[in-house]
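Okay, structure first, notes after.
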Ligand code: GLC
């Protein structure tokens with residue numbers, strides 16, 4: 185299935201130009217669900233490799249790959265047993281090297297996921313720490329503690345796992361008696377590393393270099409806000425335990441000490457030619473705290489989860505856009521917009537539901553309205569200054585699959601009954617490429633999560649070349665961005681006067697023309713005097729001689745050029 189790139193028709197490899205990431209559109213590939221080359225129902229690296237021409241034609245600048253490393257898959261690969269080995273279910277290290285080379289050949293950069301907060305309980309260090317028993321030097325590389333209570337039966341502190349239940353699991357001694365406890369902010373199969381230990385820091389420096397030597401362009405840092413814990417691991421007390429966004433600081437997340445790690449990684453990234461980058465997955469309580477991760481000597485981007493969590497309401501969107509740009513300006517970092525990823529309900533389904541339900545939603549809501557709003561939201565995002573992430577399938581307008589049967593679900597949080605993060609399988613259903621076939625072109629076999637029949641009409645094949653399809657809208661939007669780099673690069677957003685619940689902003693483009701973005705959140709069609717020539721719209725716009733009608737929940741792009 186893997187084809188060698190056709191050298192005759194591909195662009196030059198990406199020049200290692202300055203600051204490419206500031207305006208880049210970066211596409212998240214979730215390897216389990218993108219393309220399956222060997223027909224086992226699970227996506228793999230050769231599958232991704234065979235689909236790189238699609239990503240080039242879509243017009244993205246870079247690809248972020250979720251983890252494909254050796255892993256027992258207790259958390260879909262975010263439980264890494266060996267950071268330098270590709271899991272056989274995804275392929276081989278040669279496949280990874282080939283994928284990176286092909287991507288570069290097609291002009292795409294590659295960002296890989298790095299999971300430094302925790303490893304798998306099958307990681308060699310943890311296995312040895314367990315088998316060597318209390319007193320093992322390897323236990324110091326994790327957070328092992330004696331329990332409280334007369335017989336050590338009470339966990340060392342009151343922290344809860346993000347996936348539900350206590351953040352501590354008790355071990356058994358070799359004679360079968362209950363032993364020490366270890367800390368895991370996520371599943372019990374994901375023991376947290378102790379980042380105060382020099383061996384942990386040294387190990388990750390060499391892991392970074394291992395992948396940089398294989399020519400990756402950067403890292404998405406998993407749980408970037410979690411590695412350093414408050415000294416002494418104090419109780420949380422009355423603080424809300426598992427939700428960080430908008431919360432007060434907690435002793436388990438967003439500790440100031442984490443920034444020293446990023447300063448040291450910055451120097452490693454700088455040792456390599458061109459611009460290798462780090463992207464923080466940091467659920468910090470405020471945008472100002474998020475900006476700390478992208479100070480000039482730390483990482484380059486930090487996902488804007490405050491934006492992702494904002495509902496489809498004009499005032500809220502306006503505030504979060506302004507607050508983001510204000511927070512990033514002092515540190516000189518680009519805003520990093522994101523609407524969907526593998527951990528949240530797709531924005532198509534979020535916006536199909538009433539506001540205020542959070543980022544994990546179980547109900548389909550009004551899918552038609554959701555798609556209309558999602559398309560409008562995507563064009564709004566792609567008109568903002570900075571970089572933007574696109575999660576695989578959002579360019580097809582895929583909704584979440586909200587009715588997966590329990591027996592196919594794999595999200596560990598679902599089984600730990602946490603509620604908050606338990607519905608992530610719904611956004612991880614494999615991509616439909618074709619209108620027919622056993623898994624709609626995902627592969628020649630089945631699909632590890634069932635795809636709805638209705639996805640035939642959302643497939644790449646069904647949407648390609650169809651005027652007005654979501655896929656063609658994304659292609660057009662990305663073509664406009666690449667024709668006008670200032671759209672991403674320039675920090676020049678200016679809000680214009682507008683009616684209630686209509687957002688209008690201007691951006692000066694290179695060479696003089698003015699770009700205008702209009703978003704109608706009134707819930708009804710609006711009549712406008714066009715601020716220029718219509719470039720693109722998320723819904724059909726009726727053009728009159730001197731006015732236009734923009735439907736509700738729609739975004740339009742205009743230019744005076
Ligand atoms: C991040 C990942 C998520 C994973 C968790 C634990 O939030 O995006 O998928 O479950 O970290 O690694």
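Numbering (this note's numbering), first residue to last: 185 to 745. From the three backbone atoms N, C-alpha and C, an ideal C-beta is built for every residue, glycine too.
Per DSSP, residue 413 has no beta bridge partner at all. Taken through DSSP and simplified to helix, strand or coil, residue 508 comes out as helix.
Restricting attention to alpha helix (DSSP H) runs no shorter than 4 residues, the stretch 470–538 encloses them at 471–475, 489–492, 498–512 and 531–534, ordered along the chain. Within the DSSP bridge table, the entry for residue 691 names 699 as partners. At a threshold of 6 angstroms, residue 211 does not count as near the ligand GLC, since its beta carbon sits no closer than that to any of the ligand's heavy atoms. When DSSP assignments are scanned along the stretch 288–370, the uninterrupted stretches of beta strand (DSSP E) that are 3 or more residues long and fall wholly within it turn out to be 293–298, 352–356 and 362–367.
Between the alpha carbons of residue 500 and residue 676 lies a distance of about 20 angstroms.
Shortest gap from the CB of residue 609 to any heavy atom of the ligand GLC: 6 angstroms or more.
Burial check for residue 539: the Cβ neighbour count within 10 Å stays below 16, so the residue is exposed. Sequence-distant Cβ neighbours of residue 722 in its own chain, meaning closer than 7 angstroms and more than five residues away, are 559, 560, 563, 657, 738 and 739. Boundaries of the beta strand (DSSP E) around residue 571: 571–575.
A distance below 8 angstroms between beta-carbons, with the five flanking residues on each side excluded, links residue 475 to the following residues of its chain, in chain order: 486, 511, 512, 514, 515 and 517.
With contacts defined as CB atoms closer than 7 angstroms, residue 287 and residue 236 qualify as a contacting pair. Its chain contains 664, 741, 742 and 743 as the residues whose beta carbon lies nearer than 7 angstroms to that of residue 719, once the 5 sequence neighbours on both sides are disregarded; these appear in chain order.
In summary, residue 318 is exposed, with fewer than 16 beta-carbon neighbours lying within 10 Å of its beta-carbon over all protein chains present.
For residue 262, there is no enclosing beta strand (DSSP E), since its DSSP letter is neither H nor E. Rounded to whole angstroms, the Cβ separation of residue 640 and residue 616 is 7 angstroms, and the two are in contact under 8 angstroms. Relative to the ligand GLC, even the nearest heavy atom lies 6 angstroms or more away from the CB of residue 477. Your pair residue 571 and residue 208 checks out as a contact, with CB atoms roughly 5 angstroms apart and the cut at 8 angstroms. Rounded to the nearest whole angstrom, the C-alpha separation of residue 298 and residue 395 is 10 angstroms. One thing to note: residue 343 has its Cβ no nearer than 7 angstroms to the Cβ of residue 255.
Restricting attention to 729, 703 and 724, the CA atom closest to the CA of residue 713 is found in 729. Rounded to the nearest angstrom, the gap between the Cα atoms of residue 346 and residue 692 is 43 angstroms.
Judged by DSSP in its simplified three-state form, residue 219 adopts coil rather than helix or strand. The ligand GLC has no heavy atom closer than 6 angstroms to the beta-carbon of residue 271.
With respect to the 7 angstroms criterion, residue 376 and residue 327 are classified as neighbours on the basis of their beta carbons.
Residue 269 and residue 398 do not touch by the CB rule: their CB atoms are close to 13 angstroms apart, not below 8 angstroms. Contact annotation, residue 393 with residue 452: C-beta distance approximately 7 angstroms; criterion of less than 8 angstroms satisfied. A heavy atom of the ligand GLC is found nearer than 6 angstroms to the CB of residue 407. Annotation for residue 584 indicates a beta carbon at 6 angstroms or more from all heavy atoms of the ligand GLC. Shown here, residue 726 sits in a strand according to DSSP, grouped into three states. The count of Cβ pairs closer than 8 angstroms, one atom from the stretch 225–240 and one from the stretch 579–593, stays below three, leaving the stretches out of contact. Under the DSSP definition of a beta bridge, residue 717 partners with 743. Secondary structure of residue 270 (DSSP, three-state): strand.
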